[in-house]
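Colleague: If you read the sequence shown in full-length UniProt numbering, its first letter stands for residue 1, the second for the next number, and so on.
In this text, a Cβ means the ideal position worked out from N, Cα and C, and glycines have one as well.
These numbers were taken from a predicted model, which means no experiment stands behind them.
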Amino acid sequence: MSYQVELSRQAETDIRKIYTYIREHGPADPKAWKKGLASKLAHLEQFPEACSLALENDFTPQEIRQTFYGPFRILFTIREPFVFVATVRHAARLELKPDELDKLL
């Protein structure tokens, strides 16, 4: 089955902030980073179930999965025919709390 990837407002904001940070402070090329992220998100169109369950999965009745792009964790849920990306966060950040999850999902 093929899925359509949708980004939450939070995920869009996260991506913009990461892009801006890389452009202003990082040694990496922000356009290359964004292109790689788009490729990673496109992979979710075909194989979202291949990704592991996130730590946050224990806090919600919805299944929360994760994939990684560099040091960033992409948290998403599958709502056929969609893959809904809730947030893109640095992997070093603490896991989301249940109330934070509720706001994103």
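(1) Can you give the Cα-Cα distance for Leu55 and Pro98, rounded to whole angstroms?
(2) Examine the Cβ distances between the region 83-90 and the region 21-36 and report whether three or more of them are shorter than 8 Å.
(3) With distance defined between alpha-carbon atoms, name the residue in Asn57, Gln46, Tyr19 nearest to Ser2.
(4) Going by other Cβ atoms of all chains shown within 10 Å of its Cβ, with 16 needed for buried, is Asp58 buried or exposed?
(5) For a quick check, are the C-beta atoms of Phe84 and Phe76 less than 8 Å apart?
Modeller: Taking the coordinates as given:
(1) 11 Å
(2) no
(3) Gln46
(4) exposed
(5) yes
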